[in-house]
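First comes the structure, then the notes that go with it.
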Amino acid sequence: MPSELGGGRGTTAGPATRTAAKGRLASALTYGGLAVAGVVAAFPFVWMLLTSFMTRGETLRYVFLPASLEWRNYVRAWSEANFALYFSNSLMIAVVQVGGTLLFSLMAAYPLARMQFRGRETIFLIILATLMVPETATMVPNFLTVSWLHSHSAIPWLNNWPALTVPFMASAFSIFLLRQFMRGLPGELWEAARIDGAGHVRFLFQIALPLCRAPLLTVGMFTFIGSWNALGWPLLVTSRPTWRPISVALLRFVEEAGAETQLQMAGAVMATVPVLLLYALIQKEFTAG
1 MPSELGGGRG TTAGPATRTA AKGRLASALT YGGLAVAGVV AAFPFVWMLL
51 TSFMTRGETL RYVFLPASLE WRNYVRAWSE ANFALYFSNS LMIAVVQVGG
101 TLLFSLMAAY PLARMQFRGR ETIFLIILAT LMVPETATMV PNFLTVSWLH
151 SHSAIPWLNN WPALTVPFMA SAFSIFLLRQ FMRGLPGELW EAARIDGAGH
201 VRFLFQIALP LCRAPLLTVG MFTFIGSWNA LGWPLLVTSR PTWRPISVAL
251 LRFVEEAGAE TQLQMAGAVM ATVPVLLLYA LIQKEFTAG
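In full-length UniProt numbering, the protein residues as written are 1 to 289.
Below, the structure written as structure tokens:
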């Protein structure tokens, strides 16, 4: 009898052991894949950061680690490329674009989510369809529109902040994200607000808006990054450095710096830092949303 029980335990333990081994193997492969992906993603930035502290001779010898930290590369890049002007330009452009995108997306998403009117779903489908249109396909029509406004309005559009901000304040992705979140708000909130005498405007700004903190921060972060990294459109609508953003300035500086790779990388690091700081500040809200 004991031998039969022992045999039963052995028979049961076999599949359990194999299942546990398969689970450990799957975990090892998963974490190994994530580690490889992390290294691949981080390596360009690590290489850029290390190269920014090298001397010119070290960059020509293709060494990986600098012998000493050459902070002068950052001083030279900052002064030679006039990064102070371009940083302030990019910051102002991004802040205006983020503010406009949040305002217009919120005011478009709310009626699509909470109000009943004829053609609501059709309008939403048209907005979604614009996500399928590549940005390059809209660049020429947008430029022609901005050029016409530049010629027929008192405000100069080209080589000025309106051309860099206004065309991107209507975001289909932002409207979609906020609309989907608002559709998930309990209907009891609106009923209670209506009994209290609140209309749609009051409900939007006093009740719905505080509840949309996470998606609003997500939209704001994506808009800021898109504005900060934009290159093609700023190149098209700016011919003078007065309103050029940091992305265009960095491109020009790379052309001017020539073989001095350490200066190019110092400029690239400085242009990347604001985006990293922004993500570090709101990462908890971003992941929660």
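C-beta atoms are modelled at their ideal positions from N, C-alpha and C, and glycine is treated no differently.
Out of the options, which has the shortest C-alpha to C-alpha gap to residue i?
i	options	result
Ser227	Thr101, Ala28, Met132, Gly267	Thr101
Val95	Pro241, Leu34, Phe222	Phe222
Thr130	Leu278, Ile195, Ala170	Ala170
Trp47	Phe168, Val63, Val146	Val63
Leu235	Leu251, Ile225, Pro215	Leu251
Leu276	Val248, Ile225, Ala41, Ala249	Ile225
Leu281	Glu191, Thr55, Gly220	Gly220
May I have the straight-line CA-CA distance separating residue i from residue j, to the nearest angstrom?
i	j	result
Leu263	Ala16	59 Å
Gly187	Gly267	51 Å
Ala193	Ile93	37 Å
Ala21	Phe181	41 Å
Phe83	Ile246	7 Å
Arg72	Leu49	14 Å
Phe117	Tyr86	45 Å
Val269	Ala35	24 Å
Phe203	Gly197	10 Å
Trp161	Ala271	20 Å
Arg183	Thr218	17 Å
Glu70	Phe205	51 Å
Pro141	Trp148	11 Å
Pro66	Ala77	18 Å
Glu260	Val166	37 Å
Arg24	Val39	22 Å
Ser151	Phe124	33 Å
Gln283	Glu255	34 Å
Tyr279	Leu60	34 Å
Leu164	Trp233	8 Å
Leu211	Thr138	34 Å
Phe168	Ala230	11 Å
Val273	Ala249	16 Å
Thr19	Leu29	15 Å
Phe45	Leu103	34 Å
Met54	Met132	44 Å
Tyr74	Arg56	13 Å
Glu191	Pro156	47 Å
Met265	His200	51 Å
Answer with buried or exposed for residue i, where buried requires no fewer than 16 other C-beta atoms within 10 angstroms of its C-beta.
i	result
Val98	buried
Thr27	Reading off the sequence, residue 27 comes out as Ser, not Thr. It counts as exposed.
Ser88	exposed
Met115	exposed
Ile238	The sequence shown places Thr at residue 238, not Ile. Answer is buried; the Cβ neighbour count reaches 16.
Trp243	buried
Thr122	exposed
Leu158	buried
Ile127	buried
Glu58	buried
Arg179	buried
Val146	buried
Ser90	buried
Ser68	exposed
Leu112	buried
Gly119	exposed
Met1	In this predicted model, Met1 has a pLDDT of only 46, less than 50, meaning its place in the structure is not dependable; the value taken from the coordinates is given anyway. Exposed: under 16 other Cβ atoms inside 10 Å.
Ser153	exposed
Ser79	exposed
Pro215	buried
Phe43	exposed
Tyr31	exposed
Ala37	exposed
Ala81	buried
Subject >> Three CB pairs or more closer than 8 Å across the stretch 174-184 and the stretch 107-120 >> reply: yes
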